[in-house]
Amino acid sequence: MKSQQEINFPVGIRAALLGAEKSTNKVKVGAALILHKSNRIIISCNNSKSSPGAVKWYKYYDQGMHAEYALFNRSLLDDLPIRGTVYIARRLANLATGLARPCKACRTMLVDLGIRSVVYTDYNNTYIEERL
Ligand SMILES: [Zn+2]
Numbered sequence: 001m002k003s004q005q006e007i008n009f010p011v012g013i014r015a016a017l018l019g020a021e022k023s024t025n026k027v028k029v030g031a032a033l034i035l036h037k038s039n040r041i042i043i044s045c046n047n048s049k050s051s052p053g054a055v056k057w058y059k060y061y062d063q064g065m066h067a068e069y070a071l072f073n074r075s076l077l078d079d080l081p082i083r084g085t086v087y088i089a090r091r092l093a094n095l096a097t098g099l100a101r102p103c104k105a106c107r108t109m110l111v112d113l114g115i116r117s118v119v120y121t122d123y124n125n126t127y128i129e130e131r132l
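Residue numbering for the sequence shown follows our numbering, beginning at 1 and increasing consecutively.
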């Protein structure tokens, strides 16, 4: 059952949680970006596969594709602009939320793409807004 806090999550966090539920990784993380002009939401999840294009940001990482990078990949595929706030959510096995703060490589990538604000889940169905 969804907690009362979860029902009050911003729509971007709820969309990112839908992404997290699609993840086949042990650590289930989703990301979402709301495209206000077209009324669309891009949703992604982390992935055990890597991507050659990710080398620029993930040089020192070997953790597959993070949800934030998968979001960027998806926007490229559909030729959609990355703009605004990126939402990131992590779903724990007990169905509560977990900390989904972007890692250093994702933060660098998001800043390079012009993203200046992120909202991510923390433990116990809470969330944090942060300027990059
Ligand atoms: Zn990351």
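Using N, Cα and C, we set each Cβ at its ideal position, and we do this for glycine too.
Check                                                                                                                                                                               : Outcome
Kindly list the residues whose CB is nearer than 7 Å to the CB of Ile115, restricted to its own chain and excluding five residues on each side of it in sequence; keep chain order. : Ile82, Val86 and Leu132
My guess is that Glu21 and Arg91 are in contact by the Cβ rule of under 8 Å, so how many angstroms apart are they, rounded?                                                         : 6 Å
Do the segment 10 to 24 and the segment 51 to 58 make contact, defined as three or more Cβ pairs closer than 8 Å?                                                                   : no
With a threshold of 16 other CB atoms inside 10 Å of the CB of Asn124, please say whether the residue is buried or exposed.                                                         : exposed
Looking at the structure shown, is Thr121 part of a helix, part of a strand, or coil, going by DSSP?                                                                                : strand
Rounded to the nearest angstrom, what separates Leu77 and Ser44 at their Cα positions?                                                                                              : 12 Å
Taking the C-alpha atoms as reference points, what is the distance between Asn39 and Ile128?                                                                                        : 24 Å
State the Cα-Cα distance for the pair Lys37 and Asn94, rounded to the nearest angstrom.                                                                                             : 36 Å
At what residues does the beta strand (DSSP E) containing Cys45 begin and finish?                                                                                                   : Arg40 to Cys45
Are there 16 or more other CB atoms within 10 angstroms of the CB of Asn8, so buried, or fewer, so exposed?                                                                         : exposed
Any residue with its Cβ nearer than 6 Å to a heavy atom of ligand 1 should be included. What is that list in chain order?                                                           : His66, Glu68, Pro102, Cys103, Ala105 and Cys106
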